[in-house]
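Colleague: Following my numbering, the numbering of the sequence shown begins with 2 at its first residue and continues without gaps.
Before we start, here is the structure in question, set down as structure tokens.
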Amino acid sequence: MLAGWLAACSSRSYTLAPNPTPYVRDVPTEYYLYLPRDYTPDRAWPAFVGIHGFGGDGTDCLEMWQASADDEGFILVCPSLADESGGWYQDQGERTLKEVIQRVREECHIQERVFLAGFSAGATFVQGFAFANPEAATAVAVLSAGNYYAPNPHARHVPFLVVIGDQDNATSLKGAHLFSAALKNDAFLVKLHILPGVPHQITTEAKELTLELYRQVKR
């Protein structure tokens, strides 16, 4: 799959240019695409995929990460995965995200692997996506997840960041500890941060921890 993507990229002409207003696409789902101000198509750029929580949409992640895209130099991709109920099925979400990434790849020059950051239900989703598609992820930021997947040993090359507030749901907090321990037992690189006094939300500290991970894996 990746070989095919790379072969296609080698002969592709990219037409998108940086724009203060994000590009909006509606196939295969609504998603927002933001190119950093210094973007040029003569090299492959890192892509940062932000996944919203239950009941949210791509604008949540756009508002969270757009300024960082300029500061850090990444292409920001923010899909809306929720259906009318506010949630989505993991397998359908994975298919949708893979198609979104492929469409982004056709419009701008991105690297073969993407950085994944998700909040709440989106944090659960990015785990599953990375475990099912280990060749597609550079690193994963799991921010206030409600549920956790069993690690896939084939993804142990993918670093994980797990962040949750100590005032979040007790079951989720316990799950964060167990998930991090399971990753360590399977020889993953993982960092767990429990933020004191923080409920179910993304704080400035959680955002900065995510960007620190991005900087560590940036190529």
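Idealized CB from N, CA, C, for every residue including glycine.
In this text, all values refer to a predicted model and were calculated from it rather than measured experimentally.
(1) By Cβ distance below 6 angstroms, which residues in the same chain neighbour Ser11 in space, the five residues on each side in sequence not counted?
(2) According to DSSP, simplified to helix, strand and coil, what is Val163?
(3) Taking just the CA atoms, how far does Gly94 sit from Gly56?
(4) For the beta strand (DSSP E) containing Leu196, list its first residue and its last residue.
(5) Kindly provide the ranges of any beta strand (DSSP E) runs that are 3 or more residues long and lie completely inside the stretch 64–134, ordered along the chain.
(6) Which class does Thr172 belong to by DSSP, given the choice of helix, strand or coil?
(7) Of the residues Asn148, Ala142, Leu82, His53, which one's Cα is nearest the Cα of Lys99?
(8) Would Ala45 pass as a contact of Glu113 if the rule is Cβ separation under 9 angstroms?
(9) Can you give the Cα-Cα distance for Ile76 and Glu213, rounded to whole angstroms?
(10) Can you tell me the Cα-Cα spacing of Phe130 and Pro154, whole angstroms?
(11) Measure the alpha-carbon distance for Glu73 versus Arg216 and round it to whole angstroms.
(12) What is the residue span of the alpha helix (DSSP H) that Ala207 lies within?
(13) Mind checking which residues open and close the beta strand (DSSP E) that includes Leu34?
(14) Which stretch, first to last residue, makes up the beta strand (DSSP E) that contains Val28?
(15) Cα-Cα, which of Leu63, Phe161, Val159, Leu196 is closest to Leu174?
(16) Could you tell me the distance, in whole angstroms, from the CA atom of His38 to the CA atom of Ala68?
(17) Are the CB atoms of Tyr24 and Thr60 within a distance shorter than 9 angstroms?
(18) Between the Cα of Thr172 and the Cα atoms of Leu210, Gly147, Ala142, Tyr40, which residue gives the shortest distance?
(19) Identify the residues that DSSP records as bridge partners of Val141: which are they?
(20) Return the CA-CA distance between Thr97 and Trp89, expressed in angstroms with no decimal places.
(21) For His158, tell me which candidate among Thr22, His201, Val191 has the shortest Cα-Cα distance.
(22) Got a sec? Which residues, its chain only, sit under 6 angstroms from Phe70 by beta carbon, not counting five neighbours each side?
Modeller: In short:
(1) Caution is warranted here: a pLDDT of 48 is assigned to Ser11, below 50, making its placement in the model unreliable, and the coordinate value is therefore given only provisionally. Taken in chain order, the list of residues that qualify is empty.
(2) When secondary structure is reduced to three states using DSSP, Val163 falls in the strand class.
(3) Roughly 14 angstroms separates the two Cα atoms.
(4) In the DSSP annotation of this structure, the continuous segment of the beta strand (DSSP E) that includes Leu196 starts and ends at 191–196.
(5) Those beta strand (DSSP E) runs which fall completely within the stretch 64–134 and span 3+ residues are 76–80, 111–120.
(6) Shown here, Thr172 sits in a helix according to DSSP, grouped into three states.
(7) It is Leu82 whose Cα lies nearest to the Cα of Lys99.
(8) Taking 9 angstroms as the cut-off, the beta carbon of Ala45 is found closer than this to the beta carbon of Glu113.
(9) Distance between the alpha carbons of Ile76 and Glu213: 17 angstroms.
(10) Pairing Phe130 with Pro154, the inter-Cα distance amounts to about 14 angstroms.
(11) The C-alpha of Arg216 is placed about 8 angstroms away from the C-alpha of Glu73.
(12) That run of the alpha helix (DSSP H) goes 205–218.
(13) Leu34 -> beta strand (DSSP E) spans 32–35.
(14) Premise fails: Val28 is in no beta strand (DSSP E) and is neither H nor E.
(15) For Leu174, the closest C-alpha among the options Leu63, Phe161, Val159, Leu196 is that of Leu196.
(16) Note on residue identity: the sequence assigns Arg, not His, to residue 38. About 10 angstroms.
(17) Taking 9 angstroms as the Cβ cut-off, Thr60 and Tyr24 do not qualify as a contacting pair.
(18) Among Leu210, Gly147, Ala142, Tyr40, the Cα nearest to that of Thr172 belongs to Gly147.
(19) Paired residues: Leu117, Phe161.
(20) Thr97 and Trp89: Cα-Cα distance of roughly 11 angstroms.
(21) Relative to the Cα of His158, the nearest Cα in the group Thr22, His201, Val191 belongs to Val191.
(22) Inspection of the sequence shows that residue 70 is occupied by Ala rather than by Phe. Scanning its chain for C-beta atoms nearer than 6 angstroms, with the 5 sequence neighbours on each side dropped, one finds around Ala70 the residues Tyr35, Pro37, Leu77, in chain order.
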